[in-house]
Amino acid sequence: MAKKNVLFLINNLGGGGAEKVLVNLVNNLDKNKYYVTLRTLIDHGENKEDLNRTIIYESIFKKGFKGINFLHLLPKTYIYNKIAYGQFDVIIVYLHGVLTKIVANAPSSQKTIAYLHSNMEHSPFIKSFKSKKKLQSCFNSYNAIVSVSKSVEESFKNVSGIDNNLHLIYNTFDVQGIKDKSLENIEDGSKLIGEIKLCSVGKLNKVKGYQRLLKVVKRLVAEDIHITLTIVGEGRERRTLEDFITRSQLQNYVKLVGFQLNPYKYIADSDLFVCSSFSEGFSSVVVESIILGVPVLSTDCAGMHEILGKNNEYGMIVENDEESLYRGLKDIVLDSELLQQYKRKAEKRASFFSTEKAVLDVENLIDKLINNE
(Lines of atoms letter the chains of each structure in order from A and count residues from 1; the text may use other names and numbers.)
(Lines give C-alpha, C1' and ligand atoms only; values in the text may rest on other atoms or scores of the structure.)
Protein backbone atom coordinates (compact mmCIF):
# COMPACT_ATOMS: atom_id res chain seq x y z
CA MET A 1 0.00 0.00 0.00
CA ALA A 2 1.34 3.45 -0.92
CA LYS A 3 2.44 5.64 1.95
CA LYS A 4 0.19 8.59 2.78
CA ASN A 5 1.29 12.22 3.15
CA VAL A 6 0.30 13.88 6.42
CA LEU A 7 0.91 17.55 7.31
CA PHE A 8 0.95 18.79 10.91
CA LEU A 9 0.68 22.54 11.50
CA ILE A 10 1.53 24.43 14.70
CA ASN A 11 2.66 27.98 15.50
CA ASN A 12 6.12 26.96 16.74
CA LEU A 13 7.93 24.22 18.65
CA GLY A 14 8.58 26.17 21.83
CA GLY A 15 8.62 24.79 25.35
CA GLY A 16 4.89 24.27 25.78
CA GLY A 17 3.19 20.97 26.53
CA ALA A 18 1.31 20.71 23.22
CA GLU A 19 4.51 21.29 21.24
CA LYS A 20 6.34 18.54 23.10
CA VAL A 21 3.42 16.15 22.72
CA LEU A 22 3.29 16.82 18.97
CA VAL A 23 6.96 15.91 18.61
CA ASN A 24 6.32 12.69 20.57
CA LEU A 25 3.41 11.89 18.25
CA VAL A 26 5.10 12.46 14.89
CA ASN A 27 8.23 10.63 16.04
CA ASN A 28 6.17 7.53 16.78
CA LEU A 29 3.83 7.44 13.78
CA ASP A 30 4.32 4.38 11.58
CA LYS A 31 7.09 5.29 9.08
CA ASN A 32 5.94 2.49 6.78
CA LYS A 33 2.49 4.07 6.43
CA TYR A 34 3.10 7.83 6.39
CA TYR A 35 5.35 10.56 5.08
CA VAL A 36 5.13 13.14 7.85
CA THR A 37 5.70 16.88 7.44
CA LEU A 38 5.69 19.17 10.48
CA ARG A 39 5.35 22.82 9.46
CA THR A 40 5.47 25.78 11.85
CA LEU A 41 4.41 29.38 11.37
CA ILE A 42 7.62 30.55 13.07
CA ASP A 43 10.98 28.78 12.98
CA HIS A 44 11.43 28.70 16.73
CA GLY A 45 11.52 26.26 19.61
CA GLU A 46 13.77 23.91 21.53
CA ASN A 47 11.52 20.94 20.75
CA LYS A 48 12.87 20.98 17.18
CA GLU A 49 15.99 19.27 18.51
CA ASP A 50 13.99 16.16 19.41
CA LEU A 51 12.44 15.59 15.97
CA ASN A 52 13.43 12.34 14.28
CA ARG A 53 15.33 12.72 11.02
CA THR A 54 12.50 10.99 9.16
CA ILE A 55 10.23 13.98 9.87
CA ILE A 56 10.24 16.74 7.25
CA TYR A 57 10.46 20.02 9.15
CA GLU A 58 9.52 23.33 7.49
CA SER A 59 8.61 26.84 8.62
CA ILE A 60 6.73 29.72 6.98
CA PHE A 61 8.45 32.66 8.71
CA LYS A 62 11.88 32.85 10.31
CA LYS A 63 10.75 35.19 13.08
CA GLY A 64 7.51 36.24 14.73
CA PHE A 65 5.97 39.63 14.07
CA LYS A 66 3.11 41.83 15.21
CA GLY A 67 -0.14 40.86 13.60
CA ILE A 68 0.67 37.19 13.14
CA ASN A 69 -2.58 36.27 14.87
CA PHE A 70 -4.51 38.18 12.19
CA LEU A 71 -3.14 36.34 9.17
CA HIS A 72 -6.55 34.80 8.60
CA LEU A 73 -7.84 38.26 7.60
CA LEU A 74 -5.76 38.14 4.42
CA PRO A 75 -7.49 36.86 1.24
CA LYS A 76 -8.60 33.32 2.09
CA THR A 77 -7.14 31.43 -0.87
CA TYR A 78 -3.87 33.35 -0.75
CA ILE A 79 -3.15 32.74 2.94
CA TYR A 80 -4.32 29.11 2.79
CA ASN A 81 -1.91 28.39 -0.10
CA LYS A 82 0.86 30.26 1.72
CA ILE A 83 0.45 28.05 4.81
CA ALA A 84 -0.79 24.67 3.51
CA TYR A 85 1.07 24.40 0.20
CA GLY A 86 1.77 20.91 -1.12
CA GLN A 87 -0.25 17.75 -1.69
CA PHE A 88 -1.37 15.98 1.48
CA ASP A 89 -3.87 13.26 2.23
CA VAL A 90 -4.63 14.81 5.63
CA ILE A 91 -3.80 18.21 7.18
CA ILE A 92 -3.82 18.40 10.98
CA VAL A 93 -3.86 21.73 12.84
CA TYR A 94 -2.43 20.55 16.12
CA LEU A 95 -3.02 23.61 18.31
CA HIS A 96 -6.12 25.81 18.08
CA GLY A 97 -5.47 29.37 16.96
CA VAL A 98 -4.97 31.39 13.80
CA LEU A 99 -3.98 28.25 11.87
CA THR A 100 -7.38 26.74 12.66
CA LYS A 101 -9.07 29.69 10.96
CA ILE A 102 -6.73 29.55 7.96
CA VAL A 103 -7.11 25.81 7.28
CA ALA A 104 -10.89 26.16 7.57
CA ASN A 105 -10.54 27.59 4.04
CA ALA A 106 -9.24 24.28 2.65
CA PRO A 107 -10.93 22.90 -0.50
CA SER A 108 -13.81 20.53 0.33
CA SER A 109 -11.77 17.65 -1.11
CA GLN A 110 -8.97 18.16 1.43
CA LYS A 111 -9.23 16.04 4.62
CA THR A 112 -8.59 18.16 7.71
CA ILE A 113 -8.40 17.66 11.48
CA ALA A 114 -8.53 20.38 14.17
CA TYR A 115 -7.10 19.75 17.65
CA LEU A 116 -8.33 21.40 20.87
CA HIS A 117 -6.00 21.52 23.87
CA SER A 118 -7.69 23.61 26.56
CA ASN A 119 -10.99 24.55 28.17
CA MET A 120 -12.83 26.29 25.36
CA GLU A 121 -15.21 28.14 27.68
CA HIS A 122 -12.29 30.30 28.85
CA SER A 123 -10.35 30.37 25.58
CA PRO A 124 -9.32 33.74 24.05
CA PHE A 125 -9.36 31.91 20.70
CA ILE A 126 -13.05 31.11 20.99
CA LYS A 127 -13.77 34.68 22.07
CA SER A 128 -12.03 35.93 18.92
CA PHE A 129 -14.98 34.76 16.81
CA LYS A 130 -17.47 37.58 16.27
CA SER A 131 -20.45 35.25 16.48
CA LYS A 132 -21.41 31.68 17.25
CA LYS A 133 -22.31 31.28 13.59
CA LYS A 134 -18.74 32.13 12.52
CA LEU A 135 -17.38 29.73 15.15
CA GLN A 136 -19.60 26.94 13.83
CA SER A 137 -18.72 27.73 10.23
CA CYS A 138 -15.00 27.42 11.01
CA PHE A 139 -15.17 24.09 12.79
CA ASN A 140 -17.85 22.54 10.59
CA SER A 141 -15.38 22.80 7.72
CA TYR A 142 -13.20 20.16 9.42
CA ASN A 143 -13.66 16.44 8.92
CA ALA A 144 -12.72 15.74 12.53
CA ILE A 145 -12.32 17.75 15.74
CA VAL A 146 -10.05 16.14 18.31
CA SER A 147 -10.11 17.01 22.02
CA VAL A 148 -7.29 15.87 24.30
CA SER A 149 -9.62 15.31 27.26
CA LYS A 150 -13.31 14.73 27.94
CA SER A 151 -13.58 18.05 29.73
CA VAL A 152 -12.08 19.89 26.74
CA GLU A 153 -14.63 18.17 24.49
CA GLU A 154 -17.52 19.06 26.78
CA SER A 155 -16.41 22.69 26.99
CA PHE A 156 -16.27 22.86 23.18
CA LYS A 157 -19.77 21.41 22.89
CA ASN A 158 -21.02 24.02 25.35
CA VAL A 159 -19.60 27.03 23.51
CA SER A 160 -20.10 25.84 19.93
CA GLY A 161 -23.25 23.75 19.95
CA ILE A 162 -21.38 21.27 17.72
CA ASP A 163 -21.62 17.60 18.65
CA ASN A 164 -20.69 15.80 15.43
CA ASN A 165 -17.28 14.73 14.12
CA LEU A 166 -15.89 14.93 17.67
CA HIS A 167 -13.11 12.58 18.78
CA LEU A 168 -11.33 12.09 22.09
CA ILE A 169 -7.63 11.22 21.78
CA TYR A 170 -5.30 11.57 24.74
CA ASN A 171 -1.85 13.11 24.33
CA THR A 172 1.13 11.04 23.21
CA PHE A 173 3.96 10.60 25.69
CA ASP A 174 7.47 9.28 25.12
CA VAL A 175 7.22 6.97 28.12
CA GLN A 176 10.64 5.32 27.81
CA GLY A 177 12.34 8.60 26.98
CA ILE A 178 10.81 10.26 30.06
CA LYS A 179 12.02 7.43 32.29
CA ASP A 180 15.52 7.46 30.76
CA LYS A 181 15.92 11.24 31.17
CA SER A 182 14.70 11.10 34.77
CA LEU A 183 17.82 9.13 35.71
CA GLU A 184 20.12 12.06 34.94
CA ASN A 185 21.77 13.62 37.99
CA ILE A 186 21.07 17.20 39.07
CA GLU A 187 24.51 18.75 39.06
CA ASP A 188 23.86 22.48 38.59
CA GLY A 189 23.72 23.41 42.27
CA SER A 190 19.97 23.98 42.12
CA LYS A 191 19.03 20.95 44.17
CA LEU A 192 17.26 21.72 47.44
CA ILE A 193 17.52 19.41 50.44
CA GLY A 194 14.32 19.01 52.41
CA GLU A 195 12.33 16.49 54.39
CA ILE A 196 9.54 16.61 51.80
CA LYS A 197 10.56 17.86 48.35
CA LEU A 198 7.85 19.44 46.21
CA CYS A 199 8.21 20.13 42.49
CA SER A 200 6.20 22.00 39.88
CA VAL A 201 6.88 22.50 36.17
CA GLY A 202 5.33 25.13 33.91
CA LYS A 203 5.58 28.58 32.42
CA LEU A 204 5.87 31.32 35.01
CA ASN A 205 2.57 32.98 34.15
CA LYS A 206 -0.53 33.82 36.16
CA VAL A 207 -2.60 30.86 34.95
CA LYS A 208 -0.18 28.42 36.61
CA GLY A 209 -1.05 29.83 40.05
CA TYR A 210 2.51 30.03 41.34
CA GLN A 211 1.87 33.15 43.41
CA ARG A 212 -0.76 31.37 45.47
CA LEU A 213 1.46 28.27 45.69
CA LEU A 214 4.26 30.40 47.18
CA LYS A 215 1.79 31.86 49.70
CA VAL A 216 0.84 28.32 50.70
CA VAL A 217 4.49 27.30 51.06
CA LYS A 218 5.10 30.38 53.23
CA ARG A 219 2.26 29.33 55.54
CA LEU A 220 3.52 25.75 55.81
CA VAL A 221 7.10 26.83 56.50
CA ALA A 222 5.82 29.20 59.20
CA GLU A 223 4.16 26.18 60.82
CA ASP A 224 7.54 24.44 60.89
CA ILE A 225 6.53 21.90 58.26
CA HIS A 226 9.77 20.85 56.57
CA ILE A 227 9.20 21.23 52.84
CA THR A 228 11.09 22.63 49.89
CA LEU A 229 9.75 23.63 46.46
CA THR A 230 11.53 23.57 43.10
CA ILE A 231 9.78 25.31 40.20
CA VAL A 232 11.01 24.45 36.71
CA GLY A 233 10.06 26.95 34.03
CA GLU A 234 10.48 30.48 32.75
CA GLY A 235 8.09 33.36 32.09
CA ARG A 236 6.86 36.88 32.72
CA GLU A 237 6.09 36.30 36.39
CA ARG A 238 9.68 35.47 37.36
CA ARG A 239 10.48 38.88 38.86
CA THR A 240 7.23 38.95 40.84
CA LEU A 241 7.87 35.45 42.20
CA GLU A 242 11.50 36.24 43.03
CA ASP A 243 10.44 39.37 44.93
CA PHE A 244 7.93 37.38 46.96
CA ILE A 245 10.53 34.71 47.77
CA THR A 246 12.97 37.38 48.97
CA ARG A 247 10.41 39.36 51.00
CA SER A 248 9.14 36.17 52.62
CA GLN A 249 12.67 34.85 53.32
CA LEU A 250 11.98 31.65 51.44
CA GLN A 251 15.36 31.46 49.67
CA ASN A 252 16.26 28.26 51.54
CA TYR A 253 12.91 26.66 50.77
CA VAL A 254 12.05 27.67 47.19
CA LYS A 255 14.15 27.66 44.04
CA LEU A 256 13.27 28.83 40.53
CA VAL A 257 15.58 26.87 38.25
CA GLY A 258 14.32 28.33 34.96
CA PHE A 259 13.52 26.44 31.78
CA GLN A 260 15.18 23.01 31.63
CA LEU A 261 15.49 20.76 28.59
CA ASN A 262 15.20 17.88 31.02
CA PRO A 263 12.60 18.65 33.70
CA TYR A 264 12.14 14.94 34.45
CA LYS A 265 15.21 14.68 36.68
CA TYR A 266 13.68 17.34 38.96
CA ILE A 267 10.31 15.58 39.04
CA ALA A 268 11.94 12.23 39.79
CA ASP A 269 13.98 13.81 42.60
CA SER A 270 10.82 15.07 44.32
CA ASP A 271 8.42 13.43 46.75
CA LEU A 272 5.33 15.19 45.41
CA PHE A 273 4.45 17.00 42.20
CA VAL A 274 2.17 20.01 42.65
CA CYS A 275 -0.06 21.56 39.98
CA SER A 276 -1.45 24.87 41.29
CA SER A 277 -2.99 26.01 37.99
CA PHE A 278 -6.18 28.01 37.64
CA SER A 279 -6.79 26.31 34.29
CA GLU A 280 -5.40 23.40 32.23
CA GLY A 281 -6.54 21.49 29.17
CA PHE A 282 -4.91 18.15 29.80
CA SER A 283 -1.75 18.59 31.82
CA SER A 284 1.17 16.84 30.14
CA VAL A 285 3.46 17.34 33.10
CA VAL A 286 0.98 15.76 35.52
CA VAL A 287 0.87 12.67 33.29
CA GLU A 288 4.69 12.70 33.09
CA SER A 289 4.85 12.72 36.90
CA ILE A 290 2.52 9.72 37.00
CA ILE A 291 4.70 7.94 34.43
CA LEU A 292 7.65 8.51 36.79
CA GLY A 293 5.70 7.15 39.76
CA VAL A 294 5.73 10.52 41.56
CA PRO A 295 2.56 11.31 43.57
CA VAL A 296 0.54 14.32 42.38
CA LEU A 297 -1.54 16.96 44.12
CA SER A 298 -3.48 19.22 41.76
CA THR A 299 -6.12 21.89 41.78
CA ASP A 300 -9.32 20.89 40.03
CA CYS A 301 -8.67 21.71 36.36
CA ALA A 302 -9.86 20.25 33.08
CA GLY A 303 -8.56 16.73 32.56
CA MET A 304 -7.40 16.09 36.12
CA HIS A 305 -10.14 13.59 36.94
CA GLU A 306 -9.26 11.68 33.76
CA ILE A 307 -5.63 11.49 34.87
CA LEU A 308 -5.99 11.08 38.64
CA GLY A 309 -9.42 9.45 38.89
CA LYS A 310 -12.90 10.73 39.69
CA ASN A 311 -12.46 9.91 43.36
CA ASN A 312 -8.77 10.73 43.85
CA GLU A 313 -7.80 7.14 43.12
CA TYR A 314 -4.41 7.98 41.57
CA GLY A 315 -3.65 11.40 43.03
CA MET A 316 -5.14 14.16 45.17
CA ILE A 317 -7.37 16.79 43.52
CA VAL A 318 -8.38 19.81 45.63
CA GLU A 319 -10.77 22.67 44.96
CA ASN A 320 -9.32 25.42 42.80
CA ASP A 321 -8.62 28.01 45.48
CA GLU A 322 -5.71 28.92 47.76
CA GLU A 323 -7.22 27.61 50.99
CA SER A 324 -7.97 24.18 49.50
CA LEU A 325 -4.45 24.03 48.06
CA TYR A 326 -3.06 24.81 51.52
CA ARG A 327 -5.18 22.21 53.33
CA GLY A 328 -4.52 19.52 50.73
CA LEU A 329 -0.76 20.08 50.77
CA LYS A 330 -0.69 20.11 54.54
CA ASP A 331 -2.66 16.87 54.75
CA ILE A 332 -0.50 14.98 52.28
CA VAL A 333 2.95 16.14 53.46
CA LEU A 334 2.09 15.31 57.07
CA ASP A 335 0.83 11.83 56.21
CA SER A 336 3.75 9.71 54.99
CA GLU A 337 1.49 6.67 54.59
CA LEU A 338 -0.85 8.62 52.27
CA LEU A 339 2.12 9.87 50.27
CA GLN A 340 3.41 6.32 49.81
CA GLN A 341 -0.06 5.11 48.88
CA TYR A 342 -0.25 7.67 46.08
CA LYS A 343 3.22 6.70 44.92
CA ARG A 344 2.07 3.10 44.49
CA LYS A 345 -1.12 4.26 42.75
CA ALA A 346 0.87 6.47 40.36
CA GLU A 347 3.06 3.55 39.36
CA LYS A 348 -0.07 1.50 38.64
CA ARG A 349 -1.73 4.31 36.64
CA ALA A 350 1.30 4.84 34.37
CA SER A 351 0.34 1.99 32.03
CA PHE A 352 -2.82 3.89 30.99
CA PHE A 353 -0.65 6.42 29.14
CA SER A 354 1.34 4.06 26.93
CA THR A 355 2.89 5.56 23.80
CA GLU A 356 1.57 2.79 21.57
CA LYS A 357 -2.11 3.25 22.46
CA ALA A 358 -2.11 7.02 21.91
CA VAL A 359 -0.33 6.77 18.55
CA LEU A 360 -2.65 4.01 17.34
CA ASP A 361 -5.70 6.16 18.11
CA VAL A 362 -4.32 8.95 15.89
CA GLU A 363 -3.38 6.54 13.09
CA ASN A 364 -6.87 4.99 13.16
CA LEU A 365 -8.49 8.41 12.77
CA ILE A 366 -6.17 9.41 9.90
CA ASP A 367 -6.86 6.12 8.11
CA LYS A 368 -10.62 6.42 8.54
CA LEU A 369 -10.62 9.88 6.96
CA ILE A 370 -8.42 8.79 4.07
CA ASN A 371 -10.65 5.75 3.43
CA ASN A 372 -13.85 7.79 3.80
CA GLU A 373 -15.10 5.54 6.58
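Anchor point for the sequence shown: position 178 equals 173 in this note's numbering, and the numbering is continuous, going up by one each time.
We treat Cβ as the ideally placed atom computed from N, Cα and C, and that holds for glycine.
Every value quoted in this text rests on a predicted model; they were computed, and no experiment measured them.
- Counting every other CB atom within 10 Å of its CB across the protein chains shown gives residue 72 a total below 16, marking it as exposed.
- Cβ contact annotation for residue 116 (same chain, cutoff 7 Å, sequence separation greater than five): 150, 153, 154, in chain order.
- Counting of Cβ neighbours within 10 angstroms places residue 80 among the exposed residues, the total staying below 16.
- The beta strand (DSSP E) runs of length 3 or more contained entirely in the region 192 to 241 are, from start to end of the chain, 222 to 227.
- Judged by DSSP secondary structure, residue 133 falls within the alpha helix (DSSP H) whose first and last residues are 127 to 135.
- With respect to residue 294, residue 273 sits close: the two C-beta atoms are nearer than 9 Å.
- For residue 139, the closest alpha carbon among the candidates 86, 284, 212 is that of 86.
- Ranked by how close their Cα comes to the Cα of residue 278, the residues 286, 266, 268, 299 have 299 in first place.
- Residue 162 has 141 as its beta-bridge partners, per DSSP.
- Distance between residue 49 and residue 345, taken at the CA atoms: about 28 Å.
- A residue is called buried when at least 16 other Cβ atoms come within 10 angstroms of its Cβ; residue 114 meets this threshold and is buried.
- Here DSSP, grouped into helix, strand and coil, assigns residue 34 to strand.
- Secondary structure of residue 261 (DSSP, three-state): helix.
- Residue pairing by DSSP places residue 54 opposite 35 in a beta bridge.
- Distance from residue 7 to residue 39 at the Cβ level is roughly 4 Å; contact confirmed, criterion being Cβ atoms closer than 8 Å.
- For residue 73, the three-state secondary structure derived from DSSP is helix.
- For residue 311, the enclosing beta strand (DSSP E) starts and ends at 311 to 313.
- Residues of the same chain with a CB within less than 8 Å of the CB of residue 53, apart from the 5 flanking positions on each side, are 32, 33, 34, 35 in chain order.
- Ranked by Cα distance from residue 218, the first of 307, 329, 162 is 329.
- Rounded to whole angstroms, residue 43 and residue 141 show a C-alpha spacing of 23 Å.
- Cβ atoms of residue 233 and residue 209 stay farther apart than 8 Å, at about 12 Å.
- Your pair residue 229 and residue 254 checks out as a contact, with CB atoms roughly 4 Å apart and the cut at 8 Å.
- By the neighbour-count criterion, in which 16 or more other beta carbons inside 10 Å mark a residue as buried, residue 177 falls on the buried side.
- Buried is the label assigned to residue 285, since at least 16 other Cβ atoms lie within 10 Å of its Cβ.
- The beta carbon of residue 76 is closer than 6 Å to none in its chain, skipping five residues each way along the sequence.
- For residue 109, the uninterrupted beta strand (DSSP E) segment begins and ends at 106 to 111.
- In this structure, residue 143 and residue 166 form a Cβ contact; the two beta carbons are roughly 5 Å apart against a cut-off of 8 Å.
- Rounded to the nearest whole angstrom, the CA to CA distance from residue 122 to residue 332 is 46 Å.
- The Cβ neighbour count for residue 104, taken over all protein chains shown within 10 Å, is under 16; the residue is labelled exposed.
- Counting every other CB atom within 10 Å of its CB across the protein chains shown gives residue 204 a total of 16 or more, marking it as buried.
- Pairing residue 67 with residue 88 gives a Cβ-Cβ distance that is not under 9 Å.
- Beyond the five residues adjoining it in sequence on each side, residue 14 comes within less than 8 Å, by CB distance, of 5, 7, 8, 40, 42, 90 in the same chain, given in chain order.
- Residue 0 is bridged by DSSP to 30.
- A direct Cα-Cα distance of roughly 16 Å separates residue 70 from residue 133.
- Between residue 235 and residue 206, the C-beta spacing is below 9 Å.
- With fewer than 16 other CB atoms across the displayed protein chains lying within 10 angstroms of its CB, residue 318 is exposed.
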